Amino acid sequence: MRYSGRPRLTMLAAGALLPVAFSCDAPQKELPDILLIVADDLGIGDVSCYGMGRIPTPNIDSLARNGVRFTNAYATSATSTPSRYALFTGLYPWTNPNARILPGDAPLLIPTDIPTLPKMLQEAGYSTAAIGKWHLGMGDGNIDWNAPISPCANDIGFDYSCLIAATNDRVPTVYVENGRVLGLEAEDPIYVDYENNFPGEPTALSNPEMLRLRWHHGHNCSIVNGVPRIGYMKGGSSARWVDEEMADFFCSLVKKQLDSKDGRPQFIYYGLHEPHVPRLPHARFQGATPYGSRGDAIVEADWCVGEVLRHLERSGRLDNTLIIFTSDNGPVLQDGYEDYADSLIADHTPAGVYRGGKYSLYDGGTHVPFIVFWKGHTRAEVSEALVSQLDLFSSIAELIGAPVPSGVDGQAYSKTLLGRKGPSRESMILEAKSRLVMRRGDWVLLPPYKGPAVRKTTGTELGNVDSWQLFNLVSDPHQDADLAASEPERLESMKKEFLETVGTYYDYDITAIAGQK
Ligand code: NG6
Ligand code: CA
Numbered sequence: 037m038r039y040s041g042r043p044r045l046t047m048l049a050a051g052a053l054l055p056v057a058f059s060c061d062a063p064q065k066e067l068p069d070i071l072l073i074v075a076d077d078l079g080i081g082d083v084s085c086y087g088m089g090r091i092p093t094p095n096i097d098s099l100a101r102n103g104v105r106f107t108n109a110y111a112t113s114a115t116s117t118p119s120r121y122a123l124f125t126g127l128y129p130w131t132n133p134n135a136r137i138l139p140g141d142a143p144l145l146i147p148t149d150i151p152t153l154p155k156m157l158q159e160a161g162y163s164t165a166a167i168g169k170w171h172l173g174m175g176d177g178n179i180d181w182n183a184p185i186s187p188c189a190n191d192i193g194f195d196y197s198c199l200i201a202a203t204n205d206r207v208p209t210v211y212v213e214n215g216r217v218l219g220l221e222a223e224d225p226i227y228v229d230y231e232n233n234f235p236g237e238p239t240a241l242s243n244p245e246m247l248r249l250r251w252h253h254g255h256n257c258s259i260v261n262g263v264p265r266i267g268y269m270k271g272g273s274s275a276r277w278v279d280e281e282m283a284d285f286f287c288s289l290v291k292k293q294l295d296s297k298d299g300r301p302q303f304i305y306y307g308l309h310e311p312h313v314p315r316l317p318h319a320r321f322q323g324a325t326p327y328g329s330r331g332d333a334i335v336e337a338d339w340c341v342g343e344v345l346r347h348l349e350r351s352g353r354l355d356n357t358l359i360i361f362t363s364d365n366g367p368v369l370q371d372g373y374e375d376y377a378d379s380l381i382a383d384h385t386p387a388g389v390y391r392g393g394k395y396s397l398y399d400g401g402t403h404v405p406f407i408v409f410w411k412g413h414t415r416a417e418v419s420e421a422l423v424s425q426l427d428l429f430s431s432i433a434e435l436i437g438a439p440v441p442s443g444v445d446g447q448a449y450s451k452t453l454l455g456r457k458g459p460s461r462e463s464m465i466l467e468a469k470s471r472l473v474m475r476r477g478d479w480v481l482l483p484p485y486k487g488p489a490v491r492k493t494t495g496t497e498l499g500n501v502d503s504w505q506l507f508n509l510v511s512d513p514h515q516d517a518d519l520a521a522s523e524p525e526r527l528e529s530m531k532k533e534f535l536e537t538v539g540t541y542y543d544y545d546i547t548a549i550a551g552q553k
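For the sequence shown, the positions run 37 to 553 when this note's numbering is used.
If you want it as structure tokens, here you go:
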């Protein structure tokens, strides 16, 4: 595979690092702590400082008060696994055929012998932690959930990890801390199967009376906390999470992790589980918005961000913490449960002015909120620079003065991330369910794809059209006016770049790919 045999990074000791991105400022002795917050399925319009939606997110907004709010920032993919894969590896996810939405028992997707963002930071002297949503697999494909799981997040660069293996709608519904199921009792072992149910165990199909949340599509296997899930699970009662407590659990862990700071700079990846389904916020957030549980879950996520910010402020740490807030993919309303997110949406617009959302090739699939705040180093600014999560590995390396990784798809532009004049992306490939498009400058090119125009289950406009399409996202953010016919030269030059870029990685056969999904 393409990622094997890539050169390993050799890192310098922390003391030898020369932070480049802020070297022109007052001399910096200390490397910044880095807090990377990645929400799950949060749209650009779900964050109120983008001025596109109706749900108040004052705490996330506060980052933009003295930070850089990017208006052209992208996740690499319109779903979680590939998007997070790119974030941690700096590799385009479609170069790894396994980087697709993973089940809860999938093996660790990121090879343990390639450079990663957390490894780079470890080698630069950071302590590293991953808390919250993972969805990058763990184990070797044959997990015994009652024994240490290896390899796990700790093997790709995290000193500490406490994670949900996949999503909050997938089994196992337990927390995995440093490769061990947390709170498991030996006399009640846990078993997981994605193909077959365990004899005698209730499912949403056999025992609908046990449900407190009904499924709409998929999500009809094991029932945990009255909520039907994807996949089958048995046992492990003492280890099962309580959905309504998940936000507090992870938020407290992040604060605890912050308190554990030793002499080293700290990197914390905080994967918020909201507003992914099932949306079950704590009782104190239920009814917080008129938009149902999806809106309430967003308010809960915003509160968590505020808690962490207040904790940093109280402990005097805010001054030297670089905070990046973003989301793994665009928003979706109906994603498998009868939670009325769609019928209660009223005038709220989760994808803002953009078309489509999660799963879509249209911009709403990958155009995400992205805010960078570092007290004293950033100021209130709106940046139109084209940036991607793919580039965080390289850009953070550059920012702390570590060697910028070679052999990755990511690019380094740390100055731009801090709101200064500097380079940014000229073009990038974006992915939705293995289909690819290219954004270059203000323009986006969509190749022809067969398949339905609308995803029946979620109602998402997928972007499948049987001809090449070209949109100008500045004059037409909602992608209503296909300019392929009126811009033949631009179309040809973008087609050429697209096919050259994706053709390098796998044999991009437009006719073959067009048959998919
Ligand atoms: C889909 C699930 C959806 C969600 C998604 C992953 C069904 C029918 N739908 O397969 O509910 O879990 O996977 O979302 O099972 S993501 O944000 O983690 O990519
Ligand atoms: Ca997601």
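We put the beta carbon where it would ideally sit given N, CA and C, even for glycine. Please read these numbers as outputs of a predicted model, since none were measured by experiment.
For residue i, does the three-state DSSP call read helix, strand or coil?
i      : result
Leu557 : Nothing can be reported for residue 557, as the shown portion of the chain is limited to 37 through 553.
Val290 : helix
Leu422 : strand
Thr537 : helix
Ile192 : helix
Gly500 : Checking the sequence, you will find Asn at residue 500 rather than Gly. Coil, per DSSP.
Glu417 : strand
His514 : coil
Phe507 : strand
Gln552 : Confidence is the limiting factor: at Gln552 the pLDDT is only 43, short of 50, which leaves the residue's position unreliable and the question unanswerable from this model.
Ala62  : Summary for Ala62: the model assigns pLDDT 45, below 50, so the residue's position carries little reliability, and this model does not support an answer.
Could you name the residues that DSSP lists as bridge partners for residue i?
i      : result
Trp251 : Tyr373
Asp229 : Tyr268
Arg206 : Ile266
Ser274 : Note: Ser274 sits in no beta bridge, so no partner.
Ile200 : Lys169 and Tyr211
Val408 : Val104 and Ile360
Thr239 : Ser258
Arg216 : Glu213
Leu348 : Bridge partners of Leu348: none, in fact.
With residue i and residue j assumed to form a contact (beta carbons below 8 Å), what rounded beta-carbon distance in angstroms separates them?
i      : j      : result
Pro367 : Asp76  : Not a contact, Cβ separation roughly 10 Å.
Arg333 : Pro311 : First, the amino acid is wrong: residue 333 is Ala here, not Arg. With a Cβ gap of about 4 Å, Ala333 and Pro311 count as contacting.
Pro264 : Ala283 : Wrong, their Cβ atoms sit about 21 Å apart, outside the cutoff.
Gly272 : Val217 : 7 Å
Ser329 : Arg320 : Contact doesn't hold; Cβ gap of about 13 Å is too wide.
Val404 : Ser450 : Incorrect: roughly 19 Å between the Cβ atoms, too far for contact.
Glu237 : Lys291 : The Cβ separation is near 36 Å, so there is no contact.
Glu280 : His318 : 5 Å
Val210 : Arg276 : 6 Å
Ile96  : Asp338 : 5 Å
Phe429 : Leu153 : 4 Å
Ser424 : Gly499 : So it is not a contact: roughly 19 Å between Cβ atoms.
Arg407 : Arg105 : It should be pointed out that residue 407 corresponds to Ile in this sequence rather than to Arg. At roughly 5 Å, the Cβ-Cβ gap stays under 8 Å, so Ile407 and Arg105 are in contact.
Ile179 : Cys198 : 17 Å between Cβ atoms; not a contact.
- [ ] Quick one: which unbroken beta strand (DSSP E) runs of 3-plus residues sit fully inside the stretch 434-495? Chain order, please.
- [x] 463-468, 471-476 and 479-482
Open item on the list: Count Cβ pairs between the stretch 79-88 and the stretch 421-433 that sit closer than 8 Å; are there 3 or more?
Closed with: Contact between the stretch 79-88 and the stretch 421-433 is absent, because fewer than three Cβ pairs lie under 8 Å.
- [ ] Please go through the stretch 106-183 and give each complete alpha helix (DSSP H) segment of 4 or more residues, from N-terminal end onward.
- [x] Runs found: 116-125 and 153-159.
Open item on the list: Which complete beta strand (DSSP E) runs does the stretch 352-399 hold, if anything under 3 residues is left out?
Closed with: 357-363
Open item on the list: Closer than 8 Å is the cut-off here; do at least three beta carbon pairs connect the stretch 498-509 with the stretch 454-463?
Closed with: no
TODO: Would you be able to state if there are at least three C-beta pairs under 8 Å between the stretch 184-196 and the stretch 226-239?
DONE: no
Task: alpha helix (DSSP H) runs wholly inside the stretch 293-345, at least 4 long, in chain order - done: none
Open item on the list: Across the stretch 378-396 and the stretch 493-503, are there enough close Cβ pairs to call them in contact, namely three or more that are closer than 8 Å?
Closed with: yes
- [ ] Would you check if the stretch 236-247 and the stretch 304-315 touch, i.e. whether three or more CB-CB distances between them fall below 8 Å?
- [x] no
- [ ] Determine contact between the stretch 142-160 and the stretch 98-110, defined as no fewer than three beta-carbon pairs at a distance below 8 Å.
- [x] no
Task: Inter-stretch contact (C-beta, 8 Å, three-pair minimum) for the stretch 465-472 and the stretch 126-140 - done: yes
Task: At least 3 beta-carbon pairs within less than 8 Å: the stretch 88-107 vs the stretch 414-426 - done: Contact between the stretch 88-107 and the stretch 414-426 is present, because at least three Cβ pairs lie under 8 Å.
Open item on the list: Pairs of beta-carbons, one from the stretch 251-265 and one from the stretch 161-176, closer than 8 Å: are there three or more?
Closed with: no
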